Each structure stands twice: as C-alpha cells, then as structure tokens.
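In this note's numbering, the protein residues as written are 21 to 390.
The following block contains the structure:
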C-alpha cells in the first residue's frame, strides 16, 4: 500500500525507523511514497533521509491535499500540531485515505469524537500511533499484568520531570500553548502515560489534580513565548476496579530530572522498561517476559503501529492502539485539567460525555484567537 507522511518534524524519523525495522524483518506493509511539510526545505531533507534508510526517495509536497490527490495514497500518517489533527483527518477521509494519527488523538475530547465519527462516515480506518502500548516490550508487560504475574493491581506511581532550562520541549514552542497543543506537557507527554495506565489496569473512574504554570516565559534564544499550557501537574486517580494512582509530570524543574514508574500488585511490582520483582525477591527480566508473552511482536513501537494500521485496513482487526482507546486516554488527561480548573474531583466519563468542559472551553477559546 502507498503511504504518505503529513509533517516531517521531530517525530517523523522515529516513524521511518519503524518502517525500516519492518523492511529488515521482511514485513513490509507500506511503501512511503510521499511526504509533506509546509517547510519545503525540511520536506526535501527528510525525503533524502528516507531514501538512505528505505532505499527509495518519496515525492515531496507542501500541501497535503495536493499530495493525497496526486499520489492516490492508501493511508497517511499525520505528524503535525494537535490543533490540526481533526481537520486534516477529515480531509483525508473525504479523499478516500485511511489515517494513522500521532498521539494525542486530538487537541481535545470533543474533536476526538468528531474524528471517530468522520472515520465512520467515510468508512475509513483511523488508528493511533501510541508507542507506550505498542512494541514487544509494552505488549509483554501488559499481558504479564493481565496474566496475574504480580497479582491484582493496587497502586501505580509515575513521576516524570524534565529540565528544559526555560527552553522548549522537543524544540517546539507550540507545545507550550494550549490553543495548539491542548494543554502543557500533561497532554503532550501525559496521553502516553494515561494510555499505558488504562491498558495496564482498565478504566480510570475519577481524577483529582493541581496544575500550574511556574515559568511565565520560555525562550530558545531566538524565540520567546508566554506559555498558556501547564508546566507542572500533580494528579491522583482511582481506577474503576478500585486501584489507586499518583502521577506527576513537569517541564519546570531544574538541576535534576526524575523518571520512573512503579506498578504494585498483590504479588509483586513491575518497573516498566526494567523488570518484575516478586514478593519473595525473585526478579523476572523483560527479555523473559517478551519471550513468554510477546514472541511474535516487532520490537519497535512505531513498526508495530504500521502493522496495526495494515491489519485494521486489510483484516478489519481491532488495534491495541485504537482511536477509541486514545480518546479514553485523552479523557483522563482532560479530567485532570478539569479538576485543577474547578477544584473538585472529576469523573472521566463526565469529560467523555461532554458533561464537564470548563477546561476544554479555554482550549477552544485560544484556538479561535490563534
């Protein structure tokens, strides 16, 4: 099938690495036929990098609508600002093209619902490229948890801070503006975590959070902005099955960063990306979990995302990283943001149903201004 990339920015090369892994394993699913970016020079440079990795140079465009029309693509991978996701997706569906969306699914839950409805309207597939739940390592961890390796889950802890020194996350100012990113890092980074949380232990019922913008101005030495997206969030949540969680993320820290997750069950603890430690002290390393629970899954999460897209199109197979699951993850993030806005615990279902939307309203208002 013919694939196109819409956006040739920071994340795009990781997607090419995924396609490269599929090629090495003889599992080619898509041919990257065309790439598009509003910056022509960046698109040309990216096309050259693709040629070195995949052996064929894709055609270059600066208008995605022209690209999907001229190239007669089967699918696109959308790798652009969050506020453009819903518009681009609808245009692609209308042109007869399936869509893989880079996380988050949309800038806000209401737009996420629109994208899922548009896919159904045009009878097209939409999947989500969510690396936190894809690839052999993540699949193995989830299956091990569901198999009861550490028993029933009671507590999840996740702490993540980065030291940007008042610069821009991923070098991109727009990620700090809620009208373009939907929120601060709690959305950009956060949907990774909430998708993993719900994949590990089922739906999250209720969330309470505090958020703040501690750093009122950011700069890379050339561009300065006054961020409107939160740079710090401290969140607690309650699972539908009774488990509890504590999650903190921030881009406002200095000196030392933190990073780590602990998933505690009645029989032991899982350290994602590291190992399982059972109550008797025995450790089970990730390679053993992968061999046991995910022997047939490709390692690279983005490679797996294209396998999922292929299978969804050709076999109507429900992906692990579906748009619906991505919307649920987005709902958890916006429940936290809503809670910080109104000062009360918020049920995730009230966000997904549209019953509570005070924070989302501020996003939509800033989108109008932008």
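Virtual Cβ for every residue (Gly too), placed ideally from N, Cα, C. Since we're looking at a predicted model, the values are computed, not measured.
In the DSSP assignment, residue 72 falls outside any beta strand (DSSP E) and within the unbroken alpha helix (DSSP H) covering 60 to 74. Secondary structure of residue 207 (DSSP, three-state): helix.
Apart from sequence neighbours up to five positions away, the residues of its chain that approach residue 128 with a beta-carbon distance below 6 Å are 202, 380 and 383, ordered along the chain.
Here the C-alpha atom of residue 292 lies approximately 44 Å from the C-alpha atom of residue 90. The DSSP-derived three-state label of residue 320 is coil. Residue state for residue 148 is assigned as strand, using DSSP reduced to three classes. DSSP, reduced to helix, strand and coil, places residue 217 within a helical segment of the structure shown.
A straight-line Cα-Cα distance of about 15 Å links residue 237 and residue 191.
Counting along the chain, residue 135 sits inside no beta strand (DSSP E); it lies in the alpha helix (DSSP H) bounded by residues 129 to 141. Inclusion of residue 266 and residue 221 in the CB contact set at 8 Å is not warranted, their separation being larger than that value.
Annotation note: the region 273 to 352 contains the following uninterrupted alpha helix (DSSP H) runs of length 4 or greater, listed N- to C-terminal: 306 to 313 and 321 to 335. Taking a cut-off of 8 Å on C-beta distances, the region 348 to 366 touches the region 203 to 219, as three or more cross pairs fall below it. Within the same chain, and ignoring the five residues on either side of residue 286 in sequence, the residues whose Cβ sits closer than 6 Å to its Cβ are 171 and 172. If the five residues before and after residue 145 are omitted, its C-beta is found closer than 6 Å to the C-beta atoms of 118, 332 and 333, all from its own chain and listed in chain order. Three or more pairs of CB atoms, one per stretch, sit closer than 8 Å, so the region 27 to 35 contacts the region 62 to 77. Looking at the DSSP output, residue 367 bridges to 226.
For secondary structure counted as the alpha helix (DSSP H) over 4 or more consecutive residues, the region 80 to 113 holds these complete runs in sequence order: 84 to 91. A check of alpha carbon separations from residue 168 across 309, 375 and 37 identifies 309 as the nearest. Across the structure, residue 88 and residue 22 are spaced so that their CA atoms are roughly 10 Å apart.
DSSP, reduced to helix, strand and coil, places residue 173 within a strand of the structure shown. Between residue 269 and residue 180, the C-beta gap is smaller than 8 Å, which places the two residues in contact. Going by DSSP, residue 373 is part of no beta strand (DSSP E) at all; its letter is neither H nor E. Out of 193, 284 and 329, the CA that lies nearest to the CA of residue 241 is found in 193. DSSP places residue 33 in the helix class (H, G or I) of the three-state scheme. In chain order, 126, 131, 134 and 135 place their CB closer than 7 Å to the CB of residue 106, counting only its own chain and leaving out the 5 sequence neighbours on each side. Residue pairing from DSSP places residue 270 in a beta bridge opposite 181 and 252. Secondary structure at residue 54: strand, using DSSP grouped into helix, strand and coil.
Counting the other CB atoms within 10 Å of its CB gives residue 315 a total below 16, which places it among the exposed residues. Taking the Cα of residue 83 as reference, the smallest distance to any Cα among 100, 44 and 156 is reached at 100. Cβ-Cβ distances below 6 Å link residue 313 to 160, 163 and 164 in the same chain, with the five nearest sequence neighbours on each side left out; the list follows chain order.
CA-CA distance, residue 368 to residue 41, rounds to 37 Å. About 19 Å separates the beta carbons of residue 343 and residue 38, which is beyond the 8 Å limit, so they are not a contact pair. The Cβ-Cβ distance between residue 281 and residue 206 does not fall below 8 Å.
When only Cα atoms are considered, residue 197 and residue 274 end up about 21 Å apart. The shortest CA-to-CA distance from residue 373 to any of 361, 355 and 362 is the one to 355. The shortest C-alpha to C-alpha distance from residue 228 to any of 248, 255 and 298 is the one to 255.
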